[in-house]
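K.L.:
The opening residue of the sequence shown carries number 3 in this note's numbering; numbering runs sequentially from there.
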Amino acid sequence: MSAITRDEVAHLARLSRLALTDDELDHYATQLDAIIEAVAKVSEVAAEDVPPSSHALPLTNVFRADEVRQSLTPEQALSGAPAVEDDRFQVPRILGEEA
């Protein structure tokens, strides 16, 4: 027996304001049923003594602390640029924009 029917998919489509053809309703009903079955299989495997988690391994923060230190001056940063305008990289205009 399917976990989701074609009529339920049609109802969800109406709620979502989606116009689906009969073929699409059948197709999505099959896909959603497969997804629901896969989730049910995972639920069967989950042991009571294993807490839910989002990752198989524990995660730790790998970011370093922010600290102020010497960086490039605008002149150094722009020294290799093909074109500079007002201490910024100059790039070609796109989409017909005006200055």
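We put the CB at the ideal spot given by N, CA and C, even for glycine.
Predicted model only: the values in this text are computed from it and were never measured.
Count the C-beta pairs between the segment 48-60 and the segment 30-37 that are closer than 8 Å, then say yes if the count reaches three, no if not.
P.N.:
No: the two stretches stay apart, fewer than three of their Cβ pairs being nearer than 8 Å.
K.L.:
In angstroms with no decimal places, state the Cα-to-Cα distance between Leu80 and Asp88.
P.N.:
Looking at the two C-alpha atoms, the distance is approximately 11 Å.
K.L.:
Would you say the segment 38-48 touches the segment 3-15, given that touching needs at least three Cβ pairs under 8 Å?
P.N.:
Enough Cβ pairs lie closer than 8 Å, so yes.
K.L.:
According to DSSP, simplified to helix, strand and coil, what is Arg8?
P.N.:
In this structure, Arg8 counts as helix in the three-state DSSP scheme.
K.L.:
At the level of alpha carbons, what is the spacing between Glu26 and Ala49?
P.N.:
Using only the alpha carbons, I get a separation of about 37 Å.
K.L.:
For Gln33, report the span of its alpha helix (DSSP H) as first-last.
P.N.:
First-last of the alpha helix (DSSP H) with Gln33: 24-47.
K.L.:
Whole angstroms are fine: how far does the CA of Asn63 sit from the CA of Pro84?
P.N.:
Those two C-alpha atoms are separated by around 39 Å.
K.L.:
Just how far apart, CA to CA, sit Tyr30 and Val11?
P.N.:
Taking the straight line from one Cα to the other gives about 7 Å.
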